[in-house]
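Student:
In the numbering used here, the protein residues as written are 17 to 361.
1. For a minimum of 3 consecutive residues, which ranges assigned as the beta strand (DSSP E) are wholly contained in the segment 171-237?
2. Could you tell me whether the Cβ atoms of residue 255 and residue 313 are closer together than 8 angstroms?
3. Just to confirm, are residue 148 and residue 106 a CB contact at a threshold of 8 angstroms?
4. Using 8 angstroms for Cβ pairs, my map puts residue 166 next to residue 188. What's the rounded Cβ distance?
5. Might you give, ordered along the chain, the residues of its own chain that have their beta carbon closer than 6 angstroms to the beta carbon of residue 18, omitting 5 neighbours on each side?
6. Three Cβ pairs or more, each shorter than 8 angstroms: is that satisfied between the segment 286-303 and the segment 219-227?
7. If you follow the beta strand (DSSP E) that residue 307 is in, where does it begin and where does it stop?
8. Would you be able to state if there are at least three C-beta pairs under 8 angstroms between the segment 196-212 and the segment 240-252?
9. Checking 8 angstroms against the spacing of the C-beta atoms, do residue 251 and residue 340 come in under that value?
10. Judging by CA-CA distance, which residue of 327, 61, 191 and 235 is the nearest neighbour of residue 318?
11. Output the boundary residues of the beta strand (DSSP E) element that contains residue 41.
12. Terminal residues of the continuous alpha helix (DSSP H) containing residue 52?
13. Buried or exposed for residue 131, please, with buried defined as at least 16 other CB atoms from any protein chain shown within 10 angstroms of its CB.
14. For residue 140 and residue 154, what's the separation of their Cα atoms in angstroms?
15. As a quick exercise: from 184, 162, 159 and 286, pick the residue whose alpha carbon is nearest that of residue 169.
16. Quick one: what's got a C-beta closer than 8 angstroms to residue 359's C-beta in the same chain, skipping five residues either side?
17. Check whether the Cβ atoms of residue 321 and residue 101 sit closer than 8 angstroms, and answer yes or no.
18. Suppose you measure from the CA of residue 201 to the CA of residue 332; what does that come to, to the nearest Å?
19. For chain B, find out if any of its Cβ atoms is closer than 8 angstroms to the Cβ of residue 97; answer yes or no.
20. Using CA coordinates, which residue listed in 231, 56, 86 and 277 is at the minimum distance from residue 120?
21. Can you tell me whether residue 36 is buried or exposed, with buried defined as 16 or more other CB within 10 angstroms of its CB?
22. Helix, strand or coil: which one does DSSP assign to residue 22?
23. Could you give the C-beta distance for residue 7 and residue 345, rounded to a whole number, given that I count them as a contact under 8 angstroms?
24. Measure from the alpha carbon of residue 226 to the alpha carbon of each residue in 125, 338, 206 and 232, then state which is nearest.
25. Would you kindly work out how many angstroms separate the C-alpha atoms of residue 133 and residue 179, rounded to a whole number?
26. Measure the beta-carbon distance from residue 89 to residue 304 and round it to whole angstroms, keeping in mind my assumption that it falls under 8 angstroms.
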């Protein structure tokens, strides 16, 4: 029986989202697999957790007195986790990192798995790193002919005055525009900017998440997207209708003034087909070889690519599983497919 290590928690802003996703995955992991649960605290400690899955989502798993601190061995001889309590190696057959954002979705974990020789149920290290950095995504995809929003990039180290930044944004992007951290997810630090007061407040907030930020032109359109499984399979297209100014954290995870349609309800079959075609093309350009959610804006300017998520939200009602459920591939079967993609390599 194959042992699947499921990693959850992590040190990113998306720690709570990871707990929700991992809890759902673990509750639906096929009984033909043995689960090995590894929780990562916000200060970076890794623990083998053997308690109830029900205590993961609310964070109570950390209080379990039977937690055993572990370290993923970088030696491909060990093929597992070194247990600091037992002084033994806990061998596993694959690692499923349900870690969103920094240190989980940015290639860090994927690279460590590569060193260890353990199959990682995730898109590869390089693709994760590129997709996590919005500037690099712009550079590669625009060079491949993909339409994206106009943008500007600033770093803390090479940042002009706010007055100069604001002037450049008004001239090149127009107002309103958006600011977002270059390497952050779940819309943390992302804001719509309407005036100079917004600019000062929201640029400072974006810089609190990352030392590199993007300013992007405002695209007046509906958010749509597709899910990619492997290198040639897509799900149904999703559509998000929000009553607020942007599809932020509250809208994504609390359903605040948001309606989500899977399949998309208000766009034509032709547009849906084009979203799937472009999504698959972008996933292949970035060499996302296991899973990805590709997000767009459907606007009067056409279908504008927004970003790729290489470890998208993974609760049973999240967008990525919902897109495949709409094609007839259930949540448990989707998890099996992802595991099988890597175990057969």
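For every residue, glycine included, the Cβ atom is placed at its ideal position computed from N, Cα and C.
Model, not experiment: these values are computed from the prediction.
Tutor: Here's the rundown:
1. Entirely contained in the segment 171-237, the beta strand (DSSP E) runs reaching 3 residues are, in chain order, 193-197, 207-209 and 228-233.
2. Taking the C-beta atoms as reference points, residue 313 is found no nearer than 8 angstroms to residue 255.
3. When the beta-carbon positions are compared, residue 148 and residue 106 stay at least 8 angstroms from each other.
4. The C-beta distance from residue 166 to residue 188 rounds to 7 angstroms, short enough to meet the 8 angstroms contact threshold.
5. The residues are 49 and 109.
6. Counting Cβ pairs under 8 angstroms, fewer than three are found: no touch.
7. 307-315 is the span of the beta strand (DSSP E), which, as asked, contains residue 307.
8. In the pairwise beta carbon analysis, the segment 240-252 is classified as not touching the segment 196-212: fewer than three pairs are separated by under 8 angstroms.
9. With a cutoff of 8 angstroms on beta-carbon distance, residue 251 and residue 340 are scored as near each other.
10. Among 327, 61, 191 and 235, the Cα nearest to that of residue 318 is on 235.
11. Per DSSP, residue 41 belongs to no beta strand (DSSP E); it is in the alpha helix (DSSP H), 31-43.
12. According to the DSSP assignment, residue 52 belongs to no alpha helix (DSSP H) but to the beta strand (DSSP E) extending over 50-56.
13. It is exposed - the Cβ of residue 131 has fewer than 16 other Cβ atoms within 10 Å.
14. A direct Cα-Cα distance of roughly 19 angstroms separates residue 140 from residue 154.
15. Comparing Cα positions, the closest option is 184.
16. Within the same chain, 18, 109, 110 and 135 come within 8 angstroms of residue 359 by CB-CB distance, once the 5 residues on both sides are set aside.
17. No; because the gap between Cβ atoms is not below 8 angstroms, this pair is not in contact.
18. Looking at the two C-alpha atoms, the distance is approximately 19 angstroms.
19. The displayed structure is made up of one protein chain only, and chain B is not part of it.
20. From the listed residues 231, 56, 86 and 277, the smallest Cα separation to residue 120 is found for 56.
21. Residue 36 should be labelled buried.
22. Residue state, collapsed to three classes: strand.
23. Coverage of the chain is limited to positions 17 through 361, which leaves residue 7 absent and any answer about it impossible.
24. When each option's Cα is compared against that of residue 226, the closest is 206.
25. When the Cα atoms are used, residue 133 and residue 179 turn out to be separated by approximately 50 angstroms.
26. Actually they are not in contact, since the Cβ atoms of residue 89 and residue 304 sit about 27 angstroms apart, beyond 8 angstroms.
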